[in-house]
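In UniProt numbering, the protein residues as written are 1 to 463. Encoded as structure tokens, the structure appears first; notes follow it.
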Amino acid sequence: MIRRFGRLPLRSRLALLTAAAVAVAVALAAGACWLVTKQQLGHQRDETLTSARADENYLRDLLRTCDANPGRQPAPPGSYTVQIVTAGGLVCTTLGKSPVQVGDADLAVAQGRLSDTLHDATAKDGTRMRVATSAGPLPNTAVSIAQPLSETEKPLNTLALLLVITAGVGVLGAATAGLWIARAGLRPVDRLTGAVEHIARTEDLAVRIPVEGEDEIARLSRSFNSMTAALASSRDRQQQLIADAGHELRTPLTSLRTNIDLLARSEETGRAIPPEDRKELLASVKAQMTELAALIGDLQELSRPDGAPGGPVQVLALHDIAGRAVGRARLRGAGLTITAELDPWFVRAEPAALERALVNLLDNAVKFSPPGGGIEVRLADGELTVRDHGPGIPPEELPHVFDRFWRSPTARSLPGSGLGLSIVARTVRQAGGEVTLRTAEGGGTEASVRLPGAPTAPPPVFP
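Given below as structure tokens:
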């Protein structure tokens with residue numbers, strides 16, 4: 001049953017649940033109404049029976065006629081059945097009424113052992129009666145006044161039938177209203193479902209759902225619109241990354257193929273290339289292979305999700321990593337003066353990624369520094385600054401320096417893929433920090449990396 005219910009459409013389930021809830025509520029209300037009415041009618045009937053008193057002269061006449069002529073008893077007052085019970089068990093019932101069964105409680109009243117009693121009994125003709133017995137006008141007698149239970153049961157049965165009909169109409173109305181409400185309430189869900197099916201069918205991420213109100217459906221629509229916008233942006237970035245990567249790979253591959261073709265043609269034709277030219281070709285091939293390897297490594301780094309580090313996060317000494325990056329920069333920037341002032345600072349980050357980011361930052365400074373120029377590296381209060389004295393970056397280009405594959409028009413002739421600063425920004429963000437580039441006073445560019453400090457220093461490493 002539960003499985004079958006779960007297979008029904010959501011509208012049908014809502015309508016059934018609404019009808020069931022209304023049915024339970026109506027059933028409880030109808031049952032309470034019927035029970036209260038039954039209790040009130042029974043209480044009123046009992047009060048009427050116990051307060052009813054037959055005329056004493058009538059009772060005396062009833063006894064006389066009952067003794068003299070049992071078939072000529074006078075009629076009772078009203079519609080009650082009146083009978084006299086003696087202590088010896090003699091019963092005298094009014095004319096035209098079926099005698100009511102006498103119980104032990106009735107005899108106890110006649111014998112003076114009880115003052116009164118109220119109970120159900122059955123008449124000789126099978127009628128169920130409610131009997132109130134009290135002491136009679138004569139010694140050793142009791143008077144029973146009885147009324148058929150049907151006089152209260154008939155109104156109760158009529159009331160029960162009326163409540164059942166009313167409850168049925170209410171449940172049907174609730175089911176109809178529930179179905180209508182479900183259709184109206186799920187209309188935005190239908191639009192959302194249609195949009196999802198359209199996107200699944202056409203892969204059109206430009207679809208947006210109109211948002212109305214501030215309810216849960218509106219929140220769901222906003223979330224869906226945000227999701228499709230993020231997916232569209234992600235797909236656009238992916239396509240742009242593929243296009244940019246293809247463009248960047250094409251240049252070194254073309255140059256590499258040209259140089260290899262020259263070397264192969266020399267071997268096939270037997271025409272030797274001059275030693276100096278051959279040495280230059282081999283150096284160019286090696287440089288292009290190194291550039292390709294670096295570009296592929298950068299692409300692999302950027303292909304990881306933003307929240308997925310490539311290795312375990314550890315507590316690192318930023319001053320030590322910066323010192324190693326400065327040492328590598330000095331090897332690559334022969335003729336440049338690189339000074340470093342590094343105060344101790346510990347951070348939580350991925351070791352390899354952070355070192356690579358700092359190396360990229362210093363390589364960028366080395367690449368744009370003029371021959372014989374200087375680079376100042378300083379680490380203080382958790383902020384690492386790298387200052388060069390190169391041509392600087394125009395203000396209109398500063399917003400793009402951390403974009404993937406972006407290269408300044410003035411730096412097209414310089415080596416590089418345009419991914420170095422993107423990797424720097426990504427790594428710093430993953431470590432919870434921020435990186436900025438700005439034009440330095442007096443010319444050149446100053447890069448600033450600020451990382452939050454770690455609560456403790458890394459444990460010492462013993463050989």
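Where is the CB? At the ideal position from N, CA and C, for every residue including glycine.
(request) Give me the Cα-Cα distance between residue 269 and residue 263, rounded to the nearest whole angstrom. (result) Taking the first residue of the sequence shown as position 1, residue 269 is located at position 269. Taking the first residue of the sequence shown as position 1, residue 263 is located at position 263. In a straight line, the C-alpha of residue 269 is about 10 Å away from that of residue 263.
(message) Going by DSSP in three states, residue 49 sits in which element: helix, strand or coil?
(response) The residue given as residue 49 occupies position 49 in the sequence shown. Helix, per DSSP.
(message) According to DSSP, simplified to helix, strand and coil, what is residue 109?
(response) Residue numbering aside, residue 109 sits at position 109 when the sequence shown is read from its first letter. Residue 109: helix per DSSP, three-state reduction.
(message) Can you check which of these residues, 403, 438, 187, 432, is closest to residue 313 by C-alpha distance?
(response) Counted from its first residue, the sequence shown places residue 313 at position 313. Comparing Cα-Cα distances from residue 313 to each of 403, 438, 187, 432, the minimum goes to 432.
(request) In the DSSP assignment, find the unbroken beta strand (DSSP E) run with residue 350 in it and report its ends. (result) Here residue 350 refers to the residue found at position 350 when the sequence shown is read from its first residue. No beta strand (DSSP E) holds residue 350; DSSP gives it neither H nor E.
(request) Taking residue 442 as the reference, give the member of 392, 427, 397, 182 with the closest Cα. (result) Position 442 of the sequence shown holds residue 442. Out of 392, 427, 397, 182, 392 has the C-alpha closest to the C-alpha of residue 442.
(message) So for residue 334, helix, strand or coil by DSSP?
(response) As a working note, residue 334 is residue 334 in the sequence shown. Residue 334: coil per DSSP, three-state reduction.
(request) Can you give me the start and stop residues for the beta strand (DSSP E) that residue 471 sits inside? (result) Residue 471 cannot be examined here, being either before or after the span of the chain that is shown, 1 to 463.
(request) Give the straight-line distance between the Cα atoms of residue 292 and residue 252, rounded to the nearest whole angstrom. (result) As a first step, residue 292 is located in the sequence shown; it is residue number 292 there, counting from the start. As a first step, residue 252 is located in the sequence shown; it is residue number 252 there, counting from the start. Spanning the alpha carbons of residue 292 and residue 252 requires a straight line of approximately 7 Å.
(request) Please report how far the alpha carbon of residue 210 lies from the alpha carbon of residue 166, in whole angstroms. (result) Translated into positions along the sequence shown, residue 210 becomes position 210. Translated into positions along the sequence shown, residue 166 becomes position 166. Distance between the alpha carbons of residue 210 and residue 166 is about 42 Å.
(request) Could you have a look at residue 266 and say whether DSSP puts it in helix, strand or coil? (result) Reading the sequence shown from its first residue, position 266 is the one you call residue 266. In this structure, residue 266 counts as helix in the three-state DSSP scheme.
(message) Quick check: the Cα distance between residue 130 and residue 112, rounded to an integer number of angstroms?
(response) Counting from 1 along the sequence shown, the entry for residue 130 is found at position 130. Counting from 1 along the sequence shown, the entry for residue 112 is found at position 112. Residue 130 and residue 112 have their C-alpha atoms some 21 Å from each other.
(message) In this structure, how does DSSP classify residue 271 when only helix, strand and coil are distinguished?
(response) By 1-based counting over the sequence shown, the position of residue 271 is 271. Note: residue 271 maps to coil in three-state DSSP.
(message) Pull the bridge partners of residue 98 from the DSSP assignment, please.
(response) Indexing the sequence shown from 1 puts residue 98 at position 98. For residue 98, no pairing in a beta bridge is given by DSSP.
(message) I need the straight-line Cα distance from residue 401 to residue 449, nearest angstrom please.
(response) One-based indexing of the sequence shown puts residue 401 at position 401. One-based indexing of the sequence shown puts residue 449 at position 449. Answer to the nearest angstrom: the Cα atoms are 15 Å apart.
(message) Are the CB atoms of residue 390 and residue 337 within a distance shorter than 8 Å?
(response) Position 337 of the sequence shown, counted from the start, is the residue given in the question as residue 337. Position 390 of the sequence shown, counted from the start, is the residue given in the question as residue 390. Contact flag unset, no.
(request) Check whether the Cβ of residue 194 lies closer than 8 Å to any Cβ atom in chain D. (result) Looking for chain D here will not work: only one protein chain is present.
(request) Return yes when the Cβ of residue 200 is within less than 8 Å of the Cβ of residue 15, no when it is not. (result) Here residue 15 refers to the residue found at position 15 when the sequence shown is read from its first residue. Here residue 200 refers to the residue found at position 200 when the sequence shown is read from its first residue. Not closer than 8 Å, so no.
(request) Could you tell me whether the Cβ atoms of residue 93 and residue 110 are closer together than 8 Å? (result) On the sequence shown, position 93 is the one that residue 93 refers to. On the sequence shown, position 110 is the one that residue 110 refers to. No, the pair does not count as a contact, with Cβ atoms beyond the cut-off.
(request) Please specify which runs of the alpha helix (DSSP H), each continuous and at least 4 residues long, are wholly inside the UniProt domain "HAMP" (183-236), giving them in chain order. (result) 187-202
(message) Tell me which residue opens and which closes the alpha helix (DSSP H) that residue 420 is part of.
(response) In the sequence shown, the residue the question calls residue 420 occupies position 420. Unbroken alpha helix (DSSP H) run through residue 420: 420-430.
(message) According to DSSP, is residue 73 part of a helix, a strand, or is it coil?
(response) As a working note, residue 73 is residue 73 in the sequence shown. Residue confidence is low: residue 73 scores 44 on pLDDT, short of 50, so the model does not pin down where it sits. No coordinate-derived value is stated.
(message) Let's see if you can read the secondary structure: which residues bound the beta strand (DSSP E) around residue 397?
(response) As a first step, residue 397 must be located in the sequence shown, where it is residue number 397. Note, residue 397: premise wrong, no beta strand (DSSP E); not H, not E.
(request) Would you mind reading off the limits of the beta strand (DSSP E) that contains residue 446? (result) By 1-based counting over the sequence shown, the position of residue 446 is 446. Element bounds for residue 446: 445-450.
(message) Considering only DSSP beta bridges, list what residue 120 is partnered with.
(response) In the sequence shown, residue 120 corresponds to position 120, counting from 1. Partner(s): 130.
(message) Considering only their Cβ atoms, is the gap separating residue 380 from residue 320 smaller than 8 Å?
(response) Within the sequence shown, numbered from 1, the residue matching residue 320 stands at position 320. Within the sequence shown, numbered from 1, the residue matching residue 380 stands at position 380. In this structure, residue 380 does not lie closer than 8 Å to residue 320 by Cβ.
(message) On a Cα-Cα basis, can you pick out the residue from 192, 197, 257 that is closest to residue 225?
(response) The count along the sequence shown starts at 1 and reaches residue 225 at position 225. Of 192, 197, 257, the residue nearest in Cα terms is 192.
(message) Quick check on the DSSP output: the beta strand (DSSP E) that includes residue 383 runs from which residue to which?
(response) Indexing the sequence shown from 1 puts residue 383 at position 383. Start and end: 383-387.
(message) Please identify the residue among 82, 118, 30, 24 whose C-alpha is closest to the C-alpha of residue 43.
(response) Here residue 43 is taken as the residue at index 43 of the sequence shown, counted from 1. Of all alpha-carbon atoms in 82, 118, 30, 24, the one lying nearest the alpha-carbon of residue 43 is that of 118.
(message) Taking the alpha carbon of residue 330 as the reference point, which residue from 143, 377, 36, 139 has its own alpha carbon closest?
(response) The residue labelled residue 330 in the question sits at position 330 within the sequence shown. Minimum Cα distance to residue 330 is reached at 377.
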